[in-house]
Every structure is written in structure tokens, then in C-alpha cells.
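Protein chains in written order, with our numbering: chain X, 34 to 251; chain P, 34 to 251.
For every residue, glycine included, the Cβ atom is placed at its ideal position computed from N, Cα and C.
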């Protein structure tokens, strides 16, 4: 049954941050891009574009910007685990070390996929609510998830990052991104240096799903 | 190769709006929920919860609210195609008819998955930009896409809707959604009445992807 194949991919869709500089063959990239293109979007508008950055100078510049935000993020992230059991803290330190590696080697990744979007092609139905808006992302991250699952299927490591959105004007200028288009994610891609993919640590279904009303066990 | 199996699912992930009232077996629902739970989220915070609504009165009330917004949406949507060739207009009218069916039968769908999120567990890195924010969605719609791909794999029709976000306060009250949690999507699920899934009409990769800089052909 084909369902089992997709579940195996999803179950092992780990963030892979240590990537080899080896190029990704064009035919593999083509299949990954096609997977993203198939994703559903609101009103089928497909309000996203992805710049596949292979130019070394551009990747290195993004890496410089990324490193600043990553280093700041790590300070906050470590605070979350300061009182955690030693074993858990060590696990988080391994994640941080992998992130440090990614930041230091951003320019070495064969491809950084810079995901852009245009709000003019989106019906942002939660724009009127008194909280941060997310609905525009419903027509962007479906495609990003398809792209990442395709990477997983092809044995290519990747990780969804958004820290560079804090430096959006600099990235827009660097890549010549058109007026009205903005950045939603930056996905470094490459073959894994170590084992790469594997089982993930997620909350159980019983903590994430409710039946009929909030808090009612599924 | 397992990659082909996932590409077949993605290629045929059509929005399915005509759904049978037949219940979805618990073991199938369990697999679909597990698929969503595996999705990556920022800092692995999993800042989403999904209320699986099977209660008929709640689904019917959401259907009443949905119908108002759907009817308004259709008026705007038809304007997009008023000057399109006859064949294209007829295609869009078939989509609208399917949406009309969904709105009229919201209460008949066996499950409506109401996707909730909590901004407190999100690092919204584009909050400082002078445009609508989408980054919070990066930790929500990855899970929604997994859920929908799992539905596809299980032969269960579904469609990502967000129109009810315009009535978020009413939905929050209806389902007793906790303070600090908001709504990001509403996914009606059920076995397809007609053919259901099939090939989709999407833009080609060459229109969606650029190489190195904006507008540069991939």
C-alpha cells in the first residue's frame, strides 16, 4: 500500500543541518521542484516563487546574516533547557551544534531555496483578527512541506529556516526580489554528511488532537 | 523507489469538496493524525492543536457561518473569470458548484478538522516587516499538508479552507477553544462522492522557480 511509503518518509523527516557541498543533480532538483509546484494553495493562486540559490557569494552573504540571528536565537533557546534534565540538555546541545555547523557552512550547501510570496495573490482571511496573522502561510508552507518531503524521498537533507526573514530587505536586495514579493523561508539543501534522516521526537497524537471540543480526549 | 509513490500522491492532491457522510474508521483517522504529528515546526514547539469535530450540531453551525463567507467569496471569484474563455469559465463554474455543495453539506462531512495555533509558542521572525506576516504559518501548515497528504493516501477527500477564520470568535466559542489559541484552517474530511482525487492544474516549474536571482530562468 502506497500509504505506508509516505508514512515512512514523514516519520523520519528530521531537520538535517550538516550538509555536504556535493551538487544535487539537475534531474533530482527537477523532481523536488515539481513536488512543490503540485501543492494546493488558496484559490489555486500559487502566490509563491522560490529562488534556488547556488551562487556561492550569495549563499555566503546569507550565511553571514544568518549567523548573527542564529547566535542570538541560541542564547534564547538555551534558556528553555536550563532547568531540564542533563540528558535532555545534552540532546539540545547536539541540535545547537548542528545549527552552528549549518550557520558556519551556509555557503557550502549546494542549494539554498529562498521561498518568496506575494500578499496581493492571497485572501488573508485572518487579517481582521486581533492577533498575528498566519493564513497567508497556508498558501506557502504547503509547497515548502512538499519540497522538504521530496528532499526526504530523494535522500537530500534540508531544514526549514525563517531567521533570515528578520533581514528581509537585505535578502531582497541581494537576490533582486521584485516589488510586492517577500520572504517566507530559506531552506538549505544538500546530501547529509552523517546519517541524516531518522525518527523524530514529537508529541503524541493524544496531546495534539481533541475530539469535538477543546481539551476533550481524542 | 518510494519517491515515486509520494510523487503520485502529490500530483493528484486535488481539492475534494463533495464528501460522503460515511464515517471514517478510527484506525484510519489515527494514521492521518499521526502523519500530522510528525510534521516539522519551528524549534520543534508544535504550536498547533487540531479539534476533530464529529458532533453534528457543531458541524452544522460551522456550515451556516461558512456559507455566508463562501457566497461572498464566490461573487469575487467569478469576477476573476468574467473575461476568460468560455471553456475556462465553465471549469471555474464546476469548482464553484463543488464549493456550493460543500457549503450546503458541511454538517454531513464525517469530520471537520479545526486547526488551532498559539502565537506564544512561535518565533514570528517576520513580525517586524512592513507587510502581512506569514511565518507563524510555517509551524502550522506543514502539519496541515501532512494531514491532507495522509488523507490522499487513505483515499479520503479533503480541502484546506480558511474562510471561517473571519468568524474566529464564534468558532472559538462554539468549540470552547482555550485562551491564546486561534484558528488557522478548517479541513472537511470524508470519502469522495465522485472520482475524488486526480491530476491538478498547476503552473509549470519554470514559472515558479528562479535560479540565483529573481526572474532568472531555472
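Nearest-angstrom Cβ-Cβ length linking residue i and residue j, presumed shorter than 8 Å
{"i": "residue 79(P)", "j": "residue 73(X)", "result": "Contact flag wrong, Cβ pair sits at about 22 Å."}
{"i": "residue 208(P)", "j": "residue 246(X)", "result": "5 Å"}
{"i": "residue 150(X)", "j": "residue 215(X)", "result": "6 Å"}
{"i": "residue 51(P)", "j": "residue 234(P)", "result": "About 18 Å separates the two Cβ atoms, so there is no contact after all."}
{"i": "residue 172(X)", "j": "residue 75(X)", "result": "5 Å"}
{"i": "residue 135(X)", "j": "residue 197(X)", "result": "Not a contact, Cβ separation roughly 12 Å."}
{"i": "residue 22(X)", "j": "residue 86(X)", "result": "Beyond the ends of chain X as shown, which are 34 and 251, falls residue 22(X); an answer cannot be given."}
{"i": "residue 55(P)", "j": "residue 224(P)", "result": "5 Å"}
{"i": "residue 161(X)", "j": "residue 170(P)", "result": "No, residue 161(X) and residue 170(P) are not in contact; Cβ-Cβ is about 17 Å, not under 8 Å."}
{"i": "residue 254(X)", "j": "residue 143(X)", "result": "Shown here, chain X extends from 34 to 251; a query on residue 254(X) therefore has no answer."}
{"i": "residue 147(X)", "j": "residue 84(X)", "result": "4 Å"}
{"i": "residue 140(X)", "j": "residue 93(X)", "result": "4 Å"}
{"i": "residue 168(P)", "j": "residue 217(X)", "result": "7 Å"}
{"i": "residue 62(P)", "j": "residue 70(X)", "result": "About 29 Å separates the two Cβ atoms, so there is no contact after all."}
{"i": "residue 187(X)", "j": "residue 64(X)", "result": "7 Å"}
{"i": "residue 231(P)", "j": "residue 190(P)", "result": "Not confirmed; about 11 Å, so no contact."}
{"i": "residue 164(X)", "j": "residue 152(P)", "result": "6 Å"}
Opening and closing residue of the beta strand (DSSP E) in which residue i lies
{"i": "residue 149(P)", "result": "144 to 150"}
{"i": "residue 216(X)", "result": "215 to 223"}
{"i": "residue 174(X)", "result": "Per DSSP, residue 174(X) belongs to no beta strand (DSSP E); it is in the alpha helix (DSSP H), 174 to 187."}
{"i": "residue 83(X)", "result": "81 to 86"}
{"i": "residue 244(X)", "result": "242 to 244"}
Per-residue burial, residue i [other beta carbons within 10 Å of its own, 16 or more giving buried]
{"i": "residue 49(P)", "result": "buried"}
{"i": "residue 39(X)", "result": "buried"}
{"i": "residue 179(P)", "result": "buried"}
{"i": "residue 119(P)", "result": "exposed"}
{"i": "residue 34(P)", "result": "Below a pLDDT of 50, predicted positions are generally treated as unreliable, and residue 34(P), at 47, falls in that range; no measurement from the model is reported."}
{"i": "residue 60(P)", "result": "exposed"}
{"i": "residue 90(X)", "result": "exposed"}
{"i": "residue 96(P)", "result": "buried"}
{"i": "residue 115(P)", "result": "exposed"}
{"i": "residue 109(P)", "result": "exposed"}
{"i": "residue 192(X)", "result": "buried"}
{"i": "residue 117(P)", "result": "exposed"}
{"i": "residue 36(X)", "result": "buried"}
{"i": "residue 121(P)", "result": "exposed"}
{"i": "residue 181(P)", "result": "buried"}
{"i": "residue 137(P)", "result": "exposed"}
{"i": "residue 43(P)", "result": "buried"}
{"i": "residue 82(X)", "result": "buried"}
{"i": "residue 159(P)", "result": "buried"}
{"i": "residue 236(P)", "result": "exposed"}
{"i": "residue 212(P)", "result": "exposed"}
{"i": "residue 132(P)", "result": "buried"}
Residue interval of the alpha helix (DSSP H) (run including residue i)
{"i": "residue 154(X)", "result": "Per DSSP, residue 154(X) belongs to no alpha helix (DSSP H) and is neither H nor E."}
{"i": "residue 106(X)", "result": "89 to 113"}
{"i": "residue 257(P)", "result": "Residue 257(P) falls outside the range modelled here, since chain P spans only 34 to 251, and no answer is possible."}
{"i": "residue 305(P)", "result": "Because chain P here runs from 34 to 251, residue 305(P) falls outside it and cannot be looked at."}
{"i": "residue 141(P)", "result": "No alpha helix (DSSP H) holds residue 141(P); DSSP gives it neither H nor E."}
{"i": "residue 208(P)", "result": "201 to 208"}
{"i": "residue 62(X)", "result": "59 to 70"}
Residue i: CB within 8 Å of a non-hydrogen atom of the ligand COA
{"i": "residue 74(X)", "result": "Absence of the ligand COA is noted for the structure shown, with no ligands found whatsoever."}
Query - Interfacial residues, the region 52 to 63 of chain P to chain X, with Cβ spacing under 8 Å - result: Only those residues of the region 52 to 63 of chain P whose C-beta falls short of 8 Å from the nearest C-beta of chain X are listed: 63.
Query - Under 7 Å (Cβ pairs) to chain P, residues found in the region 184 to 208 of chain X - result: Result list: 186, 187, 193, 195, 196, 198, 199, 201 and 208.
Report task. Output, in sequence order along the chain, the residues in the region 61 to 86 of chain X whose CB is closer than 8 Å to any CB in chain P. Result -> For the region 61 to 86 of chain X, the set of positions with a beta-carbon nearer than 8 Å to some beta-carbon of chain P reads 63, 64, 66, 67, 68, 69, 70, 71, 72, 73, 75, 76, 77, 79, 81, 82, 83, 84, 85 and 86 in chain order.
Requested in this report: Check distances from the C-beta atoms of the region 152 to 163 of chain P to those of chain X and list, in chain order, the residues that come in under 8 Å.
Outcome: With the criterion set as a beta carbon lying under 8 Å from some beta carbon of chain X, the members of the region 152 to 163 of chain P are 152, 155, 156, 157, 158, 159, 160, 161 and 162, in sequence order.
Query raised in the report: Of the residues that make up the region 93 to 123 of chain X, which ones have a beta carbon closer than 9 Å to any beta carbon in chain P?
Result: Going along the region 93 to 123 of chain X in chain order, one finds 102, 106, 109, 110 and 113 with a Cβ nearer than 9 Å to chain P.
Query raised in the report: Of the residues that make up the region 208 to 233 of chain X, which ones have a beta carbon closer than 7 Å to any beta carbon in chain P?
Result: Cβ contacts with chain P: 208, 209, 210, 211, 215, 217, 218 and 233.
Query raised in the report: Name the residues in the region 120 to 148 of chain P whose C-beta lies less than 8 Å from a C-beta of chain X; which are they?
Result: Nothing from the region 120 to 148 of chain P brings a Cβ to less than 8 Å from some Cβ of chain X.
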